[in-house]
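In my numbering, the protein residues as written are 56 to 219.
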């Protein structure tokens, strides 16, 4: 009788394990980060040229204001700043238009309102110098003072690209 109970228990365990393995093999699994479908719209740098400021705050063009809070992609020059590096990783950086790659540094950007602050989603190793980068994240527009830049790409995935 005891042998029969053990045999039935083993058979039920085998059936349960087979069912679990079958279910686990067909259920939806999350995609790895590199395979996440690309859903961000490319944002052209000329969208930032009409940003202005005065005593009342920062003013954004309607087309850029409409993109506030949406997923965007920008390709530009990522400038790591010493005060935004922690344990060898960027906790933030400034992104400038790609044409600024060959210039003297951030100080040669006459329109500082067109610079975009980048807050990385996860650790990004400090590249040690300016680098061409693709940044994908959520566009945040800051109308009030007190931010690094009036525009920000938050929760950003940063992909360092080959320099030109």
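For each residue, glycine too, the CB sits at the ideal point set by N, CA and C.
In this structure, the alpha-carbon of residue 144 lies about 32 angstroms from that of residue 108. Cβ-Cβ distances below 7 angstroms link residue 148 to 133, 134, 135, 136, 139, 173 in the same chain, with the five nearest sequence neighbours on each side left out; the list follows chain order. By the C-beta density criterion, residue 191 is buried, having at least 16 other C-beta atoms within 10 angstroms. Within the segment 119 to 199, the complete beta strand (DSSP E) runs of at least 3 residues fall at 126 to 134, 148 to 151, 171 to 175, 186 to 196. One alpha carbon belongs to residue 167, the other to residue 196, and they sit about 15 angstroms apart.
Note on residue 120: under 16 other CB atoms within 10 angstroms of its CB, so exposed under the neighbour-count rule. Looking at the DSSP output, residue 108 bridges to 113. In this structure, the beta-carbon distance from residue 150 to residue 171 falls below 8 angstroms. The beta carbon of residue 189 is closer than 7 angstroms to those of 128, 130, 214, 216 in its chain, skipping five residues each way along the sequence. Contact check for residue 185 against residue 210 fails: the beta carbons are separated by 8 angstroms or more.
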